[in-house]
Amino acid sequence: MMGDRLLVVILGPTGCGKSDIAVKLAQKYATHIISADSRQMYRDIPIGTAAPSEYDRSLVPHHFVGNLDLDSYYSAAQYESEAIELINKLFCKNDLLIMCGGSMMYIDAVCNGIDDIPTVLPEVRDELLARYNAQGLEPLAAELRLLDQEYWKIVDRKNPKRIIHALEICYQTGQTFTSYRTKTKKERPFKILKIGLARPREELYQRINNRVDSMIKNGLIEEARKVYPFKNLNSLNTVGYKELFSYFDGDKTPAGETWSLDFAIEKIKQNSRIYSRKQITWFKRDESIHWFHPDHIEQIEQLIEEWKQ
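FYI, this note's numbering numbers position 91 of the sequence shown as 95, with every residue one higher than the one before it.
Quick look at the structure:
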């Protein structure tokens, strides 16, 4: 059975051209695209998340795009469960499926599985979110250091989602978050081919800059204004919206000047480039990824054909 089913994962840094390749491949193989982008799942923010266009979605069925409200709680564990269920269902009619995205943990959740961490109770989540909104991140990070020093040493201490989730588990179970992180790889009943898309740095950076300019032209500022009342939601704690919210709020630059729109746009470009480097660093650790320049679609298709055998 495994030999008959192939999941092709198209991954790479933001702005590298994943969506275009995924659509071309899905058309060629008359199949579905499963999004692995944690922000494209939220409706109301399609411009800033570079969600697939209505045209692309008319060409190919897409899943996990615009399916969540902005205030919905969602995790990699939920994604693993729902994506695997969908994949198994789609494999009943398709021998090949396309997964496409740059959310590293979501891709890992499907390809390798993630630990069976308990589902957090709403009252525990609400308590910690209220503390975060009232006190900020620093006191929560300090508390995590006391409760789970091992995880505190490795976590991104500027990422509220990671800090809060670890504390949620500590509060709810009385155990450290580390104790649930066994990193046991799960076997899947299908083959997985990972195709990474890579471009020279200057080429990638120019594409990122151009894409931000296109987002602004296509209405990103108006989109950000519409969701501004919900700016404290985790779904909006992302590049593109954070910078525009700072502009709306009249925040000060390091030089003491009020954020201008031009400054906000440049910060979006800069932070997008920084995020792309983080993605590349993460993906480079995975030796199972086959890397291609996006222009080399013929070589990509040839590799897929070999894996289909």
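Each residue gets a CB set at the ideal place from its N, CA and C atoms; glycine is no exception. Everything numeric in this text was worked out from a predicted model, so none of it was measured.
> Taking C-beta to C-beta, are glycine 200 and phenylalanine 296 nearer than 9 Å?
Replying inline: Indexing the sequence shown from 1 puts residue 200 at position 196. Indexing the sequence shown from 1 puts residue 296 at position 292. Result yes, Cβ atoms of glycine 200 and phenylalanine 296 sit closer than 9 Å.
> Should leucine 11 be labelled buried (16 or more other beta-carbon atoms within 10 Å of its own) or exposed?
Replying inline: On the sequence shown, residue 11 is found 7 positions in, with the first residue counted as 1. Leucine 11 should be labelled buried.
> So, is cysteine 96 buried or exposed, given that buried needs 16 or more other C-beta atoms within 10 angstroms?
Replying inline: Here residue 96 refers to the residue found at position 92 when the sequence shown is read from its first residue. So cysteine 96 counts as exposed.
> Which of helix, strand or coil does DSSP assign to threonine 257?
Replying inline: If you number the sequence shown from 1, residue 257 lands on position 253. The three-state reading of DSSP puts threonine 257 in coil, since its state is none of H, G, I, E or B.
> Given a threshold of 16 other Cβ atoms within 10 Å of its Cβ, counted over all protein chains shown, does threonine 18 qualify as buried or as exposed?
Replying inline: For the purposes of this step, residue 18 is identified with residue 14 of the sequence shown, where counting begins at 1. Counting Cβ neighbours within 10 Å, threonine 18 comes out buried, since at least 16 surround it.
> Going along the chain, which residues of its own chain have a beta-carbon closer than 7 Å to the beta-carbon of alanine 55, five neighbours each way excluded?
Replying inline: Mapped onto the sequence shown, residue 55 falls at position 51. Within the same chain, Cβ atoms closer than 7 Å to the Cβ of alanine 55 are found at Gln44, Val69, Gly70, the five residues on either side in sequence being excluded.
>> Starting from cysteine 96, trace the beta strand (DSSP E) in both directions and tell me its first and last residue.
In response: Locating residue 96 in the sequence shown gives position 92, where the first residue counts as 1. Note, cysteine 96: premise wrong, no beta strand (DSSP E); not H, not E.
> What is the DSSP secondary structure of phenylalanine 181, reduced to helix, strand or coil?
Replying inline: On the sequence shown, position 177 is the one that residue 181 refers to. Coil.
> Whose C-alpha, out of Val114, Ser183, Arg129, is nearest the C-alpha of isoleucine 88?
Replying inline: Locating residue 88 in the sequence shown gives position 84, counting from the first residue. Closest by alpha carbon: Val114.
>> Within a Cβ cutoff of 7 Å, which residues of the same chain sit near glutamine 313, ignoring the five residues on either side of it in sequence?
In response: To locate residue 313, count along the sequence shown from 1; it is residue 309. Taken in chain order, the list of residues that qualify is empty.
>> By the DSSP assignment, the alpha helix (DSSP H) with serine 218 in it spans what residues?
In response: Stepping through the sequence shown from its first residue, residue 218 is reached at position 214. Note, serine 218: alpha helix (DSSP H), 205-221.
> Closest by CA to isoleucine 220, which one among Leu265, Thr180, Leu240?
Replying inline: One-based indexing of the sequence shown puts residue 220 at position 216. If you compare the alpha carbons of Leu265, Thr180, Leu240 with that of isoleucine 220, the shortest gap goes to Leu265.
>> Here's the rule I'm using: 16 or more other beta-carbon atoms within 10 Å means buried, otherwise exposed. How should isoleucine 212 be labelled?
In response: For this step, residue 212 is matched to residue 208 along the sequence shown. In this structure isoleucine 212 is buried. Its beta-carbon is surrounded by 16 or more other beta-carbon atoms within 10 angstroms.
> Rounded to a whole number of angstroms, what is the C-alpha to C-alpha distance between valine 27 and glutamine 139?
Replying inline: Within the sequence shown, residue 27 is the residue found at index 23, counting from 1. Within the sequence shown, residue 139 is the residue found at index 135, counting from 1. Rounded to whole angstroms, valine 27 and glutamine 139 show a C-alpha spacing of 44 Å.
>> Determine whether the beta carbon atoms of tyrosine 136 and proline 164 lie at a separation below 9 Å.
In response: Residue 136 sits at position 132 when you count from the first residue of the sequence shown. Residue 164 sits at position 160 when you count from the first residue of the sequence shown. Result yes, Cβ atoms of tyrosine 136 and proline 164 sit closer than 9 Å.
> Which partner residues of histidine 66 appear in the DSSP bridge assignment?
Replying inline: Position 62 of the sequence shown, counted from the start, is the residue given in the question as residue 66. Partner(s): Ile37.
> On the three-state DSSP scale, how would you describe isoleucine 278?
Replying inline: Walking along the sequence shown from the start, residue 278 turns up at place 274. Here isoleucine 278 sits in helix by DSSP.
> Can you name, in chain order, every residue of its own chain whose Cβ lies under 7 Å from the Cβ of threonine 262, other than the five neighbours on each side?
Replying inline: The residue labelled residue 262 in the question sits at position 258 within the sequence shown. These residues qualify, in order along the chain: Gly254, Lys256.
> Between leucine 29 and glycine 106, which are expected to be in contact by the criterion C-beta below 8 Å, what is the C-beta distance as a whole number of angstroms?
Replying inline: Position 25 of the sequence shown, counting from 1, holds the residue named residue 29. Position 102 of the sequence shown, counting from 1, holds the residue named residue 106. Not confirmed; about 16 Å, so no contact.
> So which of Arg47, Tyr155, Asp99 has the shortest CA-CA distance to leucine 74?
Replying inline: Residue 74 sits at position 70 when you count from the first residue of the sequence shown. For leucine 74, the nearest C-alpha among the options comes from Arg47.
> In three-state terms, what does DSSP make of tyrosine 46?
Replying inline: Taking the first residue of the sequence shown as 1, we reach residue 46 at position 42. Strand, per DSSP.
> From methionine 5 to tyrosine 83, what distance separates their C-alpha atoms?
Replying inline: Position 1 of the sequence shown, counted from the start, is the residue given in the question as residue 5. Position 79 of the sequence shown, counted from the start, is the residue given in the question as residue 83. Because the pLDDT of methionine 5 is 43, which lies under 50, any placement of that residue in the model is unreliable, and the number read from its coordinates should be weighed accordingly. Counting only the Cα atoms, tyrosine 83 lies some 24 Å from methionine 5.
> Could you check where the beta strand (DSSP E) with lysine 195 kicks off and where it finishes?
Replying inline: Mapped onto the sequence shown, residue 195 falls at position 191. Run containing lysine 195: 195-201, per the beta strand (DSSP E) assignment.
>> Counting C-beta neighbours from all protein chains within 10 Å, is the total for glycine 260 16 or more, i.e. buried, or is it exposed?
In response: Counted from its first residue, the sequence shown places residue 260 at position 256. It is exposed - the Cβ of glycine 260 has fewer than 16 other Cβ atoms within 10 Å.
>> With three or more C-beta pairs closer than 8 Å as the rule, is the stretch 140-147 touching the stretch 237-247?
In response: These segments do not touch.
>> Whole angstroms are fine: how far does the CA of alanine 34 sit from the CA of threonine 182?
In response: Numbered from 1 along the sequence shown, position 178 holds the residue referred to as residue 182. Numbered from 1 along the sequence shown, position 30 holds the residue referred to as residue 34. CA-to-CA, the gap between threonine 182 and alanine 34 works out to about 42 Å.
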